[in-house]
Every structure is written in structure tokens, then in C-alpha cells.
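A.B. asks:
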Amino acid sequence: SAWGLQGLGFAAQRSGASMIVDGRLVLVDAPCSGVQMAWLAYLTACACAAATGTADRAFVRRLPLVGLAVLAGNVLRNSVLVALEARPSGLAPAWHEAIGLAVLGAVCAVVWLLMRRGGTRDA
């Protein structure tokens, strides 16, 4: 996230589990850590594989893509939220939640599409 924010012109640096953006300390709390996104994405992958009859080999081959989707989604979500929270006006809690849920939904949709394509047991 720090590199992305720096590329957008912010003075950003990571400091443990928080970031300093344009001189303001922005904390990354547990819900924004990405752990819940990872759990839900892998649950989505398992549910899709079960629902569509994805072959075991195809499922295992696609698991790294699930991890990449989670990583990309988490970096995107954290970058957007940190940039908005670093503004002098901050960010309303409802917007924080809405942005987090929108990215979570997008990641799970991408995971479903990744797991759904081809490679079923019946094929």
C-alpha cells in the first residue's frame, strides 16, 4: 500500500501495523488486516468447487490464484482507505465499511469466476 500511495504523490511509509501518510498516523485495524478477506475468499473457492463439481486437480491448481486475488484486493482496499483516512476530514465510518465490503464482494466474485471455469469432474 505504501508504494502505491507514494506513486500517487502521498508521503507514505509503513510503521509496523500502521502507516504514516503525509505526517498523519493511520492505523490498520484487525478488520482491515485482510485475514477475514482470506478466509471468505477460500470459503468461496470451496463453495464454488463443491457447487460446480470442480475436479480436485483443477481446484488445487487454482488456489494460488485465490491468494493473488486476496493480496491484490487487500492492497487495493488498504490503499484507498488509508488515502481517504489521511485527509484532514478523514472518512465517515459508513464509507469505510462500504468500501471494505465492496472490495470484499469483488474479490469473492473474482474467486468464484476463477474456480468456476472448466475442469469439472464430469467433463
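The sequence shown begins at 957 in my numbering and counts up one residue at a time.
Glycine residues also receive a C-beta, built at the ideal position from the N, C-alpha and C atoms.
When you compare the stretch 968-978 with the stretch 1031-1048, are there three or more beta-carbon pairs, one atom per stretch, that lie closer than 8 Å?
C.D. replies: yes
A.B. asks: At a Cβ threshold of 9 Å, is Leu-1021 touching chain C?
C.D. replies: Absence of chain C from the displayed structure is noted, only one protein chain being present.
A.B. asks: Mapping DSSP to helix, strand and coil, what is Leu-981?
C.D. replies: The answer is strand: DSSP assigns Leu-981 an E or B state.
A.B. asks: Quick one: what's got a C-beta closer than 6 Å to Gly-960's C-beta in the same chain, skipping five residues either side?
C.D. replies: The beta carbon of Gly-960 is closer than 6 Å to those of Ser-1035 in its chain, skipping five residues each way along the sequence.
A.B. asks: Using 10 angstroms around the beta-carbon of Ala-1065, count the other beta-carbons present and answer buried if the total reaches 16, otherwise exposed.
C.D. replies: exposed
A.B. asks: If we count Cβ pairs, one from each stretch, closer than 8 Å, do we get three or more for the stretch 1018-1029 versus the stretch 962-971?
C.D. replies: no
A.B. asks: Quick one: give me the first and last residue of the alpha helix (DSSP H) that Ala-1006 is part of.
C.D. replies: 991-1008
A.B. asks: Have a look at Ile-1055 and Leu-1032 and give me their C-alpha separation to the nearest angstrom.
C.D. replies: 10 Å
A.B. asks: Would Arg-1018 and Ala-1006 be called neighbours here (beta carbons separated by less than 9 Å)?
C.D. replies: no
A.B. asks: So what's Ala-1062 in DSSP terms, helix, strand or just coil?
C.D. replies: helix
A.B. asks: Tell me, please, which residues DSSP counts as bridged to Met-1071.
C.D. replies: Its beta-bridge partners do not exist; DSSP assigns none.
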